[in-house]
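Asker: I'd like to ask you about the structure that follows.
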Amino acid sequence: MAGVLLRHVLHHARHAWLYDLVIDEPQRGRGYGSALVNHVERWATERNCDCVALASPIAKEGVHEYYEGLDYEKWGYVIEKELE
Numbered sequence: 001m002a003g004v005l006l007r008h009v010l011h012h013a014r015h016a017w018l019y020d021l022v023i024d025e026p027q028r029g030r031g032y033g034s035a036l037v038n039h040v041e042r043w044a045t046e047r048n049c050d051c052v053a054l055a056s057p058i059a060k061e062g063v064h065e066y067y068e069g070l071d072y073e074k075w076g077y078v079i080e081k082e083l084e
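In structure tokens:
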């Protein structure tokens with residue numbers, strides 16, 4: 001499953017945000033994740049987006065390495081506060 005949110009912010013380029021790309025563990029390593037990411041990238045390109053962005057928990061180093069292998073770069077942090 002992949003989710004994409006398009007939003008335009010005046011001080012940023014037009015981004016497509018990739019949310020919650022999850023591949024069931026027994027299915028990992030078969031190219032499904034890469035195929036979904038490639039689909040999102042094509043979809044974003046067709047809609048004149050400048051980049052695809054995503055957020056990933058700091059502790060998920062394997063996930064970071066996966067996306068870096070697809071030429072994604074770490075460029076900052078997402079900072080949040082949960083409200084009660």
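For the sequence shown, my numbering gives the first residue as 1, with consecutive numbering after it. The C-beta atom is built at its ideal place from N, Cα and C for all residues, glycine as well.
From Ala53 to Leu83, what does the alpha carbon distance come to, in whole angstroms?
Answerer: Taking the first residue of the sequence shown as position 1, residue 53 is located at position 53. Taking the first residue of the sequence shown as position 1, residue 83 is located at position 83. Cα to Cα, Ala53 sits roughly 24 Å from Leu83.
Asker: To the nearest angstrom, how far is the alpha carbon of Ala59 from that of Glu65?
Answerer: As a working note, residue 59 is residue 59 in the sequence shown. As a working note, residue 65 is residue 65 in the sequence shown. So the alpha carbons of these two residues sit roughly 12 Å apart.
Asker: In angstroms, rounded to a whole number, what distance separates the CA positions of Ile23 and Leu70?
Answerer: In the sequence shown, residue 23 corresponds to position 23, counting from 1. In the sequence shown, residue 70 corresponds to position 70, counting from 1. Each residue's alpha carbon lies about 16 Å from the other.
Asker: Given that a residue counts as buried once 16 or more other Cβ atoms are within 10 Å of its Cβ, and exposed if not, what is Val78?
Answerer: Counting from one through the sequence shown, the residue named residue 78 turns up at place 78. Burial call: exposed.
Asker: To which residues does DSSP link Ala55 through a beta bridge?
Answerer: The residue labelled residue 55 in the question sits at position 55 within the sequence shown. Per DSSP, none; premise fails for Ala55.
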